[in-house]
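In this note's numbering, the protein residues as written are 32 to 463.
A short write-up of the structure that comes next.
Below you can see the structure in the form of structure tokens.
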């Protein structure tokens, strides 16, 4: 009875939320997919703290009818990735800004705006939009992402047919303290092609962002993102990927500041001899900082490798959360799955909550997980101080060393060096 009452409460919350919204208009197939997503939302209901999936992160501010305001953060710092030759695509409070963006032409890639695609009678996106998001519910229900699929009005649709000549940078600017943004991107990497997607910026006071990625046989997808420094923003991101034979998927996320950030990923490895790495680093200062990484990787192919590496540095009451799972399906022999989540607690008020899981239905696999939290190593700190390094600098050096393993997941040294500089800057500012 209690479960039935909880389900009804969630469905009532979903109905109330949906009643205040209007589905964007589009072509017939787009309308059908939006309606199907809306039906998923109403069937699942919206989450609350009684959901196992949300017991450590309160989703109320992500599901409320009105988004909490977030002051626009002003900074004279050079934007991340500015030193990289890339194609820029700019969204201002969730709306594509053609004047601020580069021409959407790139060798080896076609790029279209989601709103244009959804108004087209015939388009390849028909078979992809919302499909991976819908499939992800096989593992756990994600109604807010289904709501994203139903309500997204803007985003980018990318199809890589060859090697992209340079990275594609999605830049999210936040200029209104009341912006409530829903973005949805599609990335299709054809057989043998490769593309790198960069993302940076806060996006909005409240951001819901979905990205569905299809990586065909022999293809490569690289993804690096840096979420903005706005102190009061709230964000839920969903990364949904399906990976083919002998393909590669790599994703890294850097998060600093923000009231609430939840980064979810669902990666489905269906081909053989494929590789999927997902990693992240988060730095939080203050008791209003709540950062949640929730990752599910499913192995269905033979001899595939997956890596999850997440590091968090927390202080002054900041909270870090990690929920990760490796599911090895029957027949997925020779799977090599590895999962690591660690936090460095810089004082007694910070806390880290972790739920690592393995679920295995094959008998010839090598899977492991490890999750730890702890303070700065006193012996290492003493060693540095004894050689004349001031204590603040010594703590920062040891913190960067702790984060290094996650940063090593970024293949391009230009990108990893840029993010390392950002981390050093954050530590310097927050050590004063």
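All C-beta atoms in this analysis are idealised placements derived from N, C-alpha and C, irrespective of residue type, glycine included.
Residue(s) in a DSSP beta bridge with residue i
i           : result
residue 141 : 136 and 190
residue 383 : 351
residue 239 : 213 and 267
residue 202 : 121 and 231
residue 281 : 253 and 308
residue 376 : 345
residue 369 : 338 and 399
residue 108 : In the DSSP output, where bridge partners are listed per residue, residue 108 has none listed.
residue 113 : Paired residue(s): none; residue 113 is not in a bridge.
residue 286 : 258 and 313
residue 390 : 358
residue 185 : 214
residue 273 : 245 and 299
residue 126 : 123
Own chain, CB closer than 8 angstroms to residue i, minus 5 neighbours either side, in chain order
i           : result
residue 361 : 392 and 393
residue 304 : 276, 277, 332, 333, 334 and 335
residue 364 : 333, 334, 393, 394, 395 and 396
residue 265 : 92, 93, 98, 99, 101, 236, 237, 238, 289, 290, 291 and 292
Terminal residues of the beta strand (DSSP E) in which residue i lies
i           : result
residue 358 : 350-359
residue 87  : Counting along the chain, residue 87 falls outside any beta strand (DSSP E), and DSSP gives it neither H nor E.
residue 296 : 291-300
residue 397 : 397-405
residue 326 : 321-330
Nearest candidate by alpha-carbon position, reference residue i, set the options
i           : options               : result
residue 111 : 201, 154 and 147      : 201
residue 124 : 84, 183, 226 and 76   : 183
residue 325 : 97, 87 and 36         : 87
residue 338 : 332, 314 and 399      : 399
residue 171 : 50, 358, 377 and 54   : 358
residue 58  : 92, 89 and 160        : 160
residue 297 : 308, 150, 288 and 52  : 308
residue 157 : 250, 243 and 173      : 243
residue 98  : 218, 186, 291 and 353 : 291
residue 310 : 424, 376 and 434      : 434
residue 315 : 420, 285, 302 and 327 : 285
residue 76  : 90, 270, 355 and 46   : 46
residue 368 : 321, 44 and 356       : 356
residue 429 : 448, 454 and 274      : 454
residue 437 : 415, 341, 327 and 446 : 341
residue 85  : 390, 424, 346 and 386 : 386
residue 119 : 103, 300 and 203      : 203
residue 467 : 79, 66 and 147        : Only positions 32 to 463 of the chain appear in the structure, and residue 467 is not among them; the question remains open.
residue 383 : 389, 354 and 411      : 354
Residue span of the alpha helix (DSSP H) that contains residue i, given as start and end
i           : result
residue 336 : Per DSSP, residue 336 belongs to no alpha helix (DSSP H); it is in the beta strand (DSSP E), 336-346.
residue 72  : 59-75
residue 461 : 444-461
residue 97  : Unbroken run through residue 97: none, as it is neither H nor E.
residue 176 : 174-182
residue 224 : Residue 224 -> no alpha helix (DSSP H), and no H or E assigned at all.
residue 48  : 33-50
residue 166 : 162-166
residue 416 : 409-417
residue 436 : 422-438
6 angstroms CB neighbourhood of residue i in its chain, flanking five on each side removed
i           : result
residue 318 : 348
residue 192 : 221 and 224
residue 239 : 179, 213 and 267
residue 343 : 313, 351 and 374
residue 280 : 246, 252, 272, 274 and 307
residue 259 : 232 and 233
residue 471 : Given a span of 32 to 463 for the chain in the structure shown, any question on residue 471 remains unanswerable.
residue 135 : 142
Residues near residue i in its chain [Cβ-Cβ closer than 7 angstroms; skip 5 each side]
i           : result
residue 196 : 137, 138 and 139
residue 248 : 222, 275, 276, 277, 278 and 302
Exposure of residue i, with buried meaning 16 or more beta-carbon neighbours within 10 Å
i           : result
residue 226 : buried
residue 441 : buried
residue 422 : exposed
residue 169 : exposed
residue 33  : exposed
residue 131 : exposed
residue 417 : exposed
residue 96  : exposed
residue 21  : Past the edges of the chain, shown from 32 to 463, lies residue 21, and the structure says nothing about it.
residue 81  : exposed
residue 345 : buried
residue 241 : buried
residue 230 : buried
residue 206 : exposed
residue 39  : exposed
residue 155 : exposed
residue 186 : buried
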